Every structure is written in C-alpha cells, then in structure tokens.
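Engineer: Handing you a structure now.
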Amino acid sequence: MEALLWFYSAAPCAVIGVAPLLWLLWLLGNPEGRFQRWGQRLKARVEIDLQLARERRQAEQACDAEEELVRRIADTEMNRLAHLSHRNK
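Numbering-wise, UniProt numbering puts 26 at position 26 of the sequence shown, and it's gapless, one number per residue.
What follows is the structure, encoded as structure tokens:
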C-alpha cells in the first residue's frame, strides 16, 4: 500500500520533470521537416503579401493616371472655354 501511495505521489513529479525532455526530443526528432514546412508557410505568406502590395500599387497608379487624365481634360476644356469667351468679347 505504501508503494502505491508513493507511486501516486511521485508520478506527477515525474511527468512534470519528463515532459520538457519529451518535448525537446520531439522538437529535435525531425527538425528539418517541421522547420521546412514552417519556412514554406512563411514564404507563401510573404509571397501573398508581396503580390497584394503589387496589386495595390498598380491600382493606385491606375487611379493616379485616371485623375491626371481627368485633370488634363478639365484644364483643356477650361482653356477652350476661356479662349472662346475671350474671342466673343
């Protein structure tokens, strides 16, 4: 009975003491596979972020080009109207 009591009192300490060692062994067991998958996921996220940044930059450039075109058309029309009104005086 005493041995059983000792086992139940020592078991949690043993599990708590052994758990970090088991985790370390698991971590070191196949680092290439785990770190390679982690690196691939990170690389995929970076590529997605870069693609989104490129698309955002292209959209901003298209918007800027459209605004410039509208501004030029407005300036041309204003100059034409100013010229016509000056000519009619």
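Even for Gly, the Cβ is constructed at its ideal location relative to N, Cα and C.
Just so you know, these numbers come straight off a predicted model, no measurement behind them.
1) So, with DSSP's three-state summary, where would you put Asn30?
2) Where Arg54 and Trp38 are concerned, what is the direct C-alpha to C-alpha distance, given to the nearest angstrom?
3) For Gly17 and Gly33, I'd like the C-alpha separation in whole angstroms.
Structural biologist: In this structure, then:
1) For the purposes of this step, residue 30 is identified with residue 30 of the sequence shown, where counting begins at 1. Asn30: coil per DSSP, three-state reduction.
2) Position 54 of the sequence shown holds residue 54. Position 38 of the sequence shown holds residue 38. Their Cα atoms are separated by approximately 24 Å.
3) The residue labelled residue 17 in the question sits at position 17 within the sequence shown. The residue labelled residue 33 in the question sits at position 33 within the sequence shown. Those two C-alpha atoms are separated by around 27 Å.
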